[in-house]
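Worksheet for the structure shown next.
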Amino acid sequence: INKNLKLNKSIHVNSNLEAIPIKTSLLSSFDEPVETVINYCKNIVKENDILVIGESPLAIMQGRYVNYLDIEYSFFSKILCFFFHPTSSLATASGMQLLINKIGITRIIISLILGLFFKLIGIKGIFYRLTGPDSSLIDDISGTVIPYDKTIVLGPNKPKLFCEKVSKALKIDIAVADVNDLGGVKILASSNKSLNPSLKIALKRNPAGNADQKTPIVLIRRKI
């Protein structure tokens with residue numbers, strides 16, 4: 004880990020906050036998540052800072068990814084994936100098959116039927132509520148960094164515990180977030196839930212980026 008790590012240029016959020024992407028080496032399952040984040044950030048954080056790590060980089064460090072070529076698709080996964088929007092990770096047979104392997108096809112079919120019914124009466128998101136976080140946190144083949152451009156990433160394991168450990172070590176607040184370039188922000192876990200609304204504002208423009216920036220950690224700093 005580079006001890007002379009330099010911060011990227013800060014990104015203006017509003018009069019109170021700025022976001023600073025932190026560049027790292029290519030993270031992998033050889034990097035212990037808590038230790039890695041602490042070592043990268045211990046010399047740059049200040050009091051009242053907030054650190055946010057992306058859910059996919061955290062999951063990758065936990066070894067929660069699989070090469071799509073190693074997945075054996077079933078007939079059901081090829082059919083069920085057609086019921087999802089093309090931008091969804093469940094719109095491919097590989098992403099759907101991983102969900103089938105995780106929670107079972109019966110639960111998926113029942114959730115899909117109920118989800119379609121509620122959508123007809125104007126209530127969305129029922130499918131994801133019934134199938135739980137496993138369905139919404141699957142990241143299908145969308146990465147641009149080799150070798151993860153051919154992998155499907157699952158959601159991170161115990162993100163709340165990760166936040167608590169890093170927060171205790173660095174004495175600042177920590178969060179794990181799922182952010183995309185469309186303005187979508189989901190806070191999976193944080194050491195201080197009261198900060199979640201501010202984090203959603205700070206992360207809306209996706210300061211970490213979705214390409215090969217290698218900035219999986221974003222420092223949210225309050226302006227004095």
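Residue numbering for the sequence shown follows the numbering used here, starting at 4 and increasing by one per position. For glycine and all other residues, C-beta sits at the position ideal for the given N, C-alpha and C.
query	result
Whole angstroms is fine: what's the gap from L54's alpha carbon to Y131's?	27 Å
Is it true that the stretch 49 to 65 meets the stretch 81 to 90, where meeting means three or more beta-carbon pairs spaced less than 8 Å apart?	no
Can you give me the C-alpha to C-alpha distance between F33 and A180, rounded to a whole angstrom?	22 Å
For T27, collect the residues of the same chain with a Cβ closer than 7 Å to its Cβ; drop the 5 residues on either side in sequence, then sort them by chain order.	Y43, K217, P219, I220
Taking the beta carbon of S18 as the centre, do at least 16 other beta carbons fall within 10 Å, making it buried, or is it exposed?	exposed
Based on the DSSP secondary-structure assignment, which residues constitute the bridge partners of P235?	Summary: the structure shown does not reach residue 235, with the chain confined to residues 4 through 227, and so no result is reported for it.
List, from N- to C-terminal side, the alpha helix (DSSP H) runs of 4 residues or more that fit wholly inside the stretch 55 to 84.	58 to 64, 78 to 83
Please classify N183 as buried or exposed, where buried requires at least 16 neighbouring CB atoms within 10 angstroms.	exposed
Tell me which same chain residues have a C-beta within less than 8 Å of the C-beta of Q72, skipping the five on either side of it?	Note on identity: in this sequence residue 72 is Leu, with Gln being the wrong assignment. Excluding residues within five positions, the ones whose Cβ falls inside 8 Å are K153.
If we count the other Cβ atoms within 10 Å of its Cβ and call it buried at 16 or more, is L222 buried or exposed?	buried
Where does R224 land, buried or exposed, given buried means 16+ other C-beta within 10 angstroms?	buried
Between the stretch 148 to 168 and the stretch 114 to 124, do three or more beta carbon pairs fall short of 8 Å?	no
At which residue ranges does the stretch 98 to 149 contain complete alpha helix (DSSP H) runs of 4 or more residues, listed in the order of the chain?	108 to 123, 129 to 134, 136 to 139
Measuring alpha carbon to alpha carbon, tell me which of V16, I41, L30 ends up nearest K171.	I41
Among I155, P159, T39, which has the Cα closest to the Cα of L29?	T39
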